[in-house]
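If you read the sequence shown in the UniProt record's numbering, its first letter stands for residue 1, the second for the next number, and so on. Backbone N, C-alpha and C define an ideal beta-carbon position, used for all residues, glycine too. Have a look at the structure below before the remarks.
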Amino acid sequence: MSAHDNYLQQALALAARNVEQGGRPFGAIIVRNGEAIAEAVNTLHLDDDPTGHAELNAIRAIAAHSGSAALRECVVYASGQPCPMCLSAMYLTGVKEVWFANSNGDGETFRLSTAAIYQQLRQPLEQQTLPVHHLPQPNGLAVYQRWAEKQS
């Protein structure tokens, strides 16, 4: 069994335990330099937080522990294909690589697929089903400019 298989099996075991405790079938492990540094499950059933996905919970755990959200040397192993929100967080934190066991296609029968959201995000804003409006403001860039000044 490869290391990738091993970590995916661990993520699936986390997901299975979460199901037994009333949660959704999602678990994630974050590995840095061959060492698991965080693991988490979907916690929506505990706190009604729609962002309580396994991958985000694992990222939050690392950020809280290390004081940094930078995950440049990390690999994420997830029981299911990361949703667009989780994948975006992985891009923003610099995750090196992502592996997952169950695809959106696998989850479709169980209503556990986020393929429809991925399809929406591929559309130009004006063609998406969620109305998203850009309304520039005269002083809108001032906050960006102030931030840039504070970075120097």
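Where S66 is concerned, there is no enclosing beta strand (DSSP E), although the alpha helix (DSSP H) around it starts and stops at 54-66. In the DSSP assignment, the residues bridged to C74 are R32. Only residues of its own chain outside the window of five on either side were considered, and among them Q128, T129, L130 have a CB closer than 8 Å to the CB of Q120, listed in chain order. Assignment of beta-bridge partners to W99 by DSSP yields Y77. For R24, there is no enclosing alpha helix (DSSP H), as DSSP marks it with neither H nor E. Around the beta carbon of Y144, fewer than 16 other beta carbons lie within 10 angstroms, which makes this residue exposed.
A residue is called buried when at least 16 other Cβ atoms come within 10 angstroms of its Cβ; G80 meets this threshold and is buried.
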